[in-house]
Structures are given as C-alpha cells and as structure tokens.
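Undergrad: Residue numbers (the UniProt record's numbering): 1 to 82. Note that the Cβ used here is the ideal one computed from N, Cα and C, for glycine as well. Since the model is a prediction, treat every value here as computed from it, not as a measurement.
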C-alpha cells in the first residue's frame, strides 16, 4: 500500500527513510537547489566554541559543518544578502 504525499506523518516519513525506503515521491524536486561551486576554507575556533557547536549539532542530529552552514545561510537570508 503506497501512502500519498498528503497522508504521511513526519514520524512515518522518518521511519520509512531510516528503513531505506525510496522517499522520492515525498520530495519536491522543483524546489531543489543546484549546488554551486565550492571553495574550501579554514577557520580557527577556540575549543570551547567548538564544543558548544558540537553539542548543538549533536542535539539536532547534524554534522558540525552542516550546522555552521545552516547558521550562516539563515543569517545571510535575514540580511537579504545575495
């Protein structure tokens, strides 16, 4: 039995995803963003700062770099930087 987009709960989605099911029918590819060129940078942070970042990243279940990118993207969006 296939679930429709509008009938699946977030818990069901997470469970199905974790079980390796194809979730393509539940994603909107029209809103997907194309990856742009990437330039690697190095930033030095105090260990105490990294510990706080790591704690928050673990709390929401993402990697440290993903959290930093999310925070920067949110900030740039608020500032309307293009």
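1) Tell me the DSSP secondary structure of residue 37 in three-state form.
2) For the putative contact between residue 72 and residue 56, defined by C-beta atoms under 8 Å, what is the C-beta separation to the nearest angstrom?
3) Just the C-alpha distance for residue 34 and residue 69, rounded to the nearest angstrom, thanks.
TA: Put simply:
1) coil
2) At roughly 14 Å, the Cβ-Cβ gap does not stay under 8 Å, so residue 72 and residue 56 are not in contact.
3) 16 Å
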